[in-house]
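What follows is one structure encoded as structure tokens, with my remarks underneath.
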Amino acid sequence: MEQNVSTTNGIITFNMMAAMCHNNRGIGYQGDLPWPKLKADFEYYLKTTSTHKKDSSLMIKHVHGRKSWAGCTDFQASYGGVYHIVCSQSRDPSIKTHPNLLTVAESVPEALEYIADLNRKGKVDSVWIMGGAGIYQKRRHFRYLSRRRRYFLRI
1 MEQNVSTTNG IITFNMMAAM CHNNRGIGYQ GDLPWPKLKA DFEYYLKTTS
51 THKKDSSLMI KHVHGRKSWA GCTDFQASYG GVYHIVCSQS RDPSIKTHPN
101 LLTVAESVPE ALEYIADLNR KGKVDSVWIM GGAGIYQKRR HFRYLSRRRR
151 YFLRI
């Protein structure tokens, strides 16, 4: 299914951020990162995914899977005025609420349509696909996007 995100306000660039183990490309282990906390890595992640690219009055959107969102601390969820969209097929009632959580979408295409609608209203600065594994496995939905950037960190 092709995703049309070209809008009257221009084309959205979708960014993907993933850190992975250099030896097996793992991105998570038992609900956490598979490596020790690295301050420089975390600072890079925050700076890269929270900096306005166009206009500071516009919103930065992060798209998370349910488990990835559950792993975000309140600090991460609030940092830099970033707003979040969670993808969850189950609409799990235990999904944590937060003032910066815009919506829970049932699918990646639904999340993309929500973002396209916000962009048509002139409210989008940048979009980051934050994972986890379930979101990355649905990458077929992203191949039709006209502009995308990937950031892979090997640790």
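Going by the UniProt record's numbering, the first residue of the sequence shown is number 1, and it counts up by one from there. Glycine included, every Cβ here is placed at the ideal spot set by N, Cα and C.
Taking S107 as part of the alpha helix (DSSP H), name the residues at either end of that continuous run.
Note, S107: premise wrong, no alpha helix (DSSP H); not H, not E.
I need the boundaries of the beta strand (DSSP E) containing S126, first residue and last residue.
Element bounds for S126: V124 to G131.
Determine whether the beta carbon atoms of residue 187 and M130 lie at a separation below 7 Å.
Residue 187 lies beyond the residue range present for the chain, which begins at 1 and ends at 155; the question has no answer from this structure.
Rounded straight-line distance, which links the Cα of L102 to that of L118:
One alpha carbon belongs to L118, the other to L102, and they sit about 11 Å apart.
Same chain only: Cβ atoms within 7 Å of N100, ignoring 5 sequence neighbours per side:
Around N100: A77, S78, V82, Y83 and H84.
DSSP-derived helix/strand/coil call for K61
It is a strand residue.
Cross-strand partners of H84 (DSSP beta bridge)
H62 and L101
Start and end residues, alpha helix (DSSP H) containing T49:
In the DSSP assignment, T49 falls within the alpha helix (DSSP H) that extends over K39 to S50.
How about V127 and F14: do their beta carbons lie closer than 7 Å?
yes
Local Cβ density within 10 Å of K53, reported as buried at 16 or more and exposed below that:
exposed
Is G134 helix, strand or coil by DSSP?
helix
So, at 8 Å on beta carbons, what are the nonlocal neighbours of I135 in its own chain, with the 5 sequence-adjacent residues on each side left out?
Within the same chain, V63, H64, G65, S68, C87, V108 and I129 come within 8 Å of I135 by CB-CB distance, once the 5 residues on both sides are set aside.
Helix, strand or coil for D117, going by three-state DSSP, please let me know.
helix
Suppose you measure from the CA of D41 to the CA of A18; what does that come to, to the nearest Å?
11 Å
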